[in-house]
Amino acid sequence: MTLTRRQTLAILGGGAVVAAAASTGTFLATRTPEKALAPWNAAGTYEDPRMFALSHALLAPNPHNRQPWLLELRGDDAFLLHRDETRSLPHTDPFHRQIFIGLGCFLELMSIAATLKDRSAEVSLFPEGEDGPVAEVKLLPGSDADPLSAHILSRRSCKEPFQDKAIPDTMIAALEPFGAVITDTGQVAQIKDLTWNAWLTEMQTHRTLKESVDLMRFGKSEINANPDGIDLGGPFLETLMLAGVLNREDQLDPDSTGFQEGVKIYRKMLAATPAYVVLTSQANAQNDQIHAGRRWLRLNLETTRLGLALHPVSQALQEFEEMRPHYRRAHELLAKPGETVQMLGRLGYGPATPPSPRWPLETRIMNG
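Numbering (the numbering used here), first residue to last: 13 to 380.
Okay, structure coming up:
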């Protein structure tokens with residue numbers, strides 16, 4: 013579970029944090045993982061229109077920050093997108109639904125970024141069938157810049173409490189082309205209960221909890237070495253690590269103080285939610301999941317444009333056995349008969365948050 017600066021203070025108390033930081037101030041002042049964040053600065057620095065677009069695409073949101081994309085360049089203006097099968101989530105995402113949503117986010121962000129180079133992306137899904145490449149993409153000349161392209165580098169998934177502040181109707185109307193916005197207090201209360209109980213189920217199921225803990229990167233060195241998964245870094249979290257409060261062993265122990273405090277923090281965060289947004293699809297094939305990802309990406313950019321915060325809370329949509337009651341409840345609350353709920357997100361006003369680590373583009377090119 014990722015802890016923020018505010019959450020760290022809640023666990024240790026301000027005095028303990030300040031005292032620990034004072035004794036190691038020089039060390040803690042250098043804890044930003046610059047290497048892991050460098051792809052954000054490198055985005056858009058390539059002359060090749062494909063590399064230009066792809067350098068932005070790899071900043072797309074994706075489950076557990078697995079970054080499940082591999083790229084095969086073709087000719088001068090095309091490439092194949094492959095799914096990196098080593099980056100699956102077999103316990104929380106056994107059918108790869110969330111992974112394909114992440115790949116859809118990648119494709120949409122690539123398409124938006126390509127317009128900044130006067131290109132449009134011609135995307136053909138599964139050109140060799142579902143066991144082959146996810147997509148074949150060709151960049152064609154001639155396109156006006158997508159207005160959402162201005163917000164690519166500001167986009168975040170905000171895992172923080174939101175303000176108790178209503179979202180104006182004009183903003184809701186702007187988001188409705190991408191998903192259904194829920195602000196009714198009764199419905200919001202029901203979804204809060206759903207998301208809390210689903211999150212607890214994931215945390216209390218050992219194999220799904222372990223899947224997350226195994227992907228945690230503790231501190232600057234681990235984050236720079238493996239800039240994927242769940243990053244636990246920065247001065248405050250590294251103070252906890254130095255104090256022995258934050259470690260992998262305790263994150264796997266539901267009886268530990270750190271784990272229990274994290275549960276309280278997450279419950280408070282989930283409760284601080286004024287609205288939700290839901291994306292559904294008529295069917296649930298892999299191409300439906302990819303299209304849902306493309307919509308989610310545009311929704312995320314639109315919320316950024318509007319000054320809103322968005323945070324996916326899709327635990328109830330996971331398809332492992334212990335989650336089944338919450339999965340059914342989610343579809344009762346959020347979908348019409350026969351539909352699949354692809355994404356559920358908290359929506360509101362949240363604080364600014366830092367970007368997530370990424371692998372450099374060159375590491376994702378199979379034939380570069």
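Yeah, the Cβ is synthetic: ideal placement off N, Cα and C, and Gly gets one too. Keep in mind it's a predicted model, so treat the numbers as computed, not measured.
Between R341 and the set L206, N296, L311, the nearest pair of CA atoms involves L206. Secondary structure note for M355: its beta strand (DSSP E) is the uninterrupted segment 352-360.
Note: V275 is not bridge-paired with any residue in the DSSP secondary-structure output. Residue state for E314 is assigned as helix, using DSSP reduced to three classes. P247: member of the alpha helix (DSSP H) spanning 247-254, first to last residue.
By the neighbour-count definition (other C-beta atoms within 10 Å, threshold 16), K171 is a buried residue. Inclusion of P366 and N236 in the CB contact set at 7 Å is not warranted, their separation being larger than that value.
Inter-residue distance for Q175 and N379 is about 47 Å (C-alpha atoms, whole angstroms). Considered as a whole, the stretch 140-187 harbours 147-153 as its complete beta strand (DSSP E) runs of no fewer than 3 residues, in chain order.
Looking at P139, I113, L165, the one whose alpha-carbon comes closest to that of A65 is L165. In the structure shown, H108 adopts coil according to DSSP, grouped into three states. Taking C-beta atoms as the reference points, A287 and I203 fail to come closer than 7 Å.
Per DSSP, H103 is not a residue of any alpha helix (DSSP H), being assigned neither H nor E. Counting along the chain, E261 sits inside no beta strand (DSSP E); it lies in the alpha helix (DSSP H) bounded by residues 260-263. An exposed status is given to D267, since fewer than 16 other beta-carbon atoms sit within 10 Å of its beta-carbon.
Boundaries for V257: no alpha helix (DSSP H) harbours it, and the DSSP string shows neither H nor E there. Rounded to whole angstroms, the gap between the alpha carbons of A201 and L345 is 11 Å. DSSP places Y58 in the coil class of the three-state scheme, outside both helix and strand.
A contact is defined here as three or more CB-CB pairs under 8 Å, and the stretch 207-219 meets this definition with respect to the stretch 315-331. In this structure, D105 keeps its C-beta atom at 7 Å or more from the C-beta atom of P80.
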